[in-house]
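Undergrad:
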């Protein structure tokens, strides 16, 4: 097996010809014969017992060639691909050039990684939101924790009021006639939530448990049930129960109940620290997003379409895997969303294009800056991946080869360099709110 010729047939498209020696090909043909003969029936022979020469005489000597060539291609391609100096980015398309007494000559057409040019990546100006946590944000987080630790208390000594959770029976009538969907028993309704027709909840407020009363409302003109839109209605109601939300008092005891801290001040300080960390991550993410957008804008490369297609397929597969981890799959997802595979690809395509361009830019920066990776860094990355996926580091090594790890680490080093050399201006704009992890 040897490489015969290489040629450029497009900006990033190449064609090579290579050979498979006749003895190797003959051995492959014989293997195909022994694999297929059991399914071949020749008059005068038991099924599966016909000699190869008889089959070739009846069907032609090339009868086993196609499968034999296909069997030879993987090893032949592996043998000559080391002589290809450019990075192949597509699955090669193979064709037979000739088959003769010397063996098989094959041609492979494929795409390669494009030439990439990028400049002015040092000192990129970016804005970074100033990381500030206000007292109001701390109080909002405490309110969220209070609500998570609240309890519902039955009310019997006062009428219902806004923010109460009431249990009611009701039946609605239009022109004295009940209508479909207008009746319920034991319905839970939070007063003031706006879940019901305007005016309904206001008229429930003020009534006590056990009372029966009428609620008079007018359906909105744009109500979804056209037969009720704009109609006046009477709901005959009974109030079965009232509950209100009791929130815990915010004090040292509250802090001890919901956290590892003994005092409220310590708990608030921890909330502030967590919010600051959350805001910092978001601010750092915004800086990285701006840097990546800037790098893509500075990128000069004729990128083969196949690179975008391959990355889109990778993202679709990753999404399918994430769905499966949650007990779903793409088929179920499509049923829920009304999408199909082409629709999902269309959604994934912009992100895939950005990913390809980002990686090309960072790989080129790593080359221009002569960034290197040590064996210790590679080992540490194998260890990190093992911990991330719950695998032994040695198993990760079997799944991911060292050059791939080195390439990823160089990309990370490149973005670290660009980030370190960026001209960052802090701006007074709020970082997006996020819940602190407590």
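In my numbering, the protein residues as written are 10 to 447.
Ideal Cβ placement from N, Cα and C applies to all residues, glycine included.
Answer with buried or exposed for residue 1, where buried requires no fewer than 16 other C-beta atoms within 10 angstroms of its C-beta.
TA: Limits of the chain in this structure are 10 at one end and 447 at the other, which puts residue 1 out of reach.
Undergrad: Give the range of the beta strand (DSSP E) segment to which residue 272 is assigned.
TA: Here residue 272 belongs to no beta strand (DSSP E), and DSSP marks it neither H nor E.
Undergrad: On the criterion of 16 or more Cβ atoms from any shown chain inside 10 Å, does residue 71 qualify as buried, or is it exposed?
TA: exposed
Undergrad: May I ask you to report which of helix, strand or coil DSSP gives residue 141?
TA: coil
Undergrad: Which residue's Cα is closest to the Cα of residue 412: 387, 432, 49?
TA: 387
Undergrad: Please report the distance separating the alpha-carbon of residue 297 from that of residue 428.
TA: Going from the Cα of residue 297 to the Cα of residue 428 covers about 7 Å.
Undergrad: Please name the residue in 316, 337, 290 whose C-alpha comes closest to that of residue 137.
TA: Ranked by Cα distance from residue 137, the first of 316, 337, 290 is 290.
Undergrad: For the beta strand (DSSP E) holding residue 106, just list the boundary residues, first then last.
TA: 102–109
Undergrad: Hey, residue 127 and residue 309 are a contact pair by Cβ (cut 8 Å); roughly how many whole angstroms apart?
TA: 7 Å
Undergrad: With C-beta atoms as the reference, is residue 77 less than 8 Å away from residue 41?
TA: yes
Undergrad: With a threshold of 8 Å between beta-carbons, can residue 374 be considered close to chain B, or not?
TA: Here there is only one protein chain, and chain B is not present.
Undergrad: With a cut-off of 8 Å on the beta carbons, I'd call residue 218 and residue 198 a contact; round off their distance for me.
TA: Actually they are not in contact, since the Cβ atoms of residue 218 and residue 198 sit about 14 Å apart, beyond 8 Å.
Undergrad: In three-state terms, what does DSSP make of residue 221?
TA: In this structure, residue 221 counts as strand in the three-state DSSP scheme.
Undergrad: Quick check on this structure: which residue in 193, 159, 162 has the alpha carbon closest to the alpha carbon of residue 181?
TA: For residue 181, the nearest C-alpha among the options comes from 193.
Undergrad: In this structure, how does DSSP classify residue 37 when only helix, strand and coil are distinguished?
TA: helix
Undergrad: Put residue 51 into one of helix, strand or coil per three-state DSSP.
TA: Reduced to three states, the DSSP call for residue 51 is coil.
Undergrad: Does the segment 254–264 come within contact of the segment 138–147, defined as at least 3 CB pairs closer than 8 Å?
TA: no
Undergrad: Within 10 angstroms of the Cβ of residue 29, are there 16 or more other Cβ atoms? Answer buried if so, exposed if not.
TA: Around the C-beta of residue 29, 16 or more other C-beta atoms lie within 10 Å, and the residue is accordingly described as buried.
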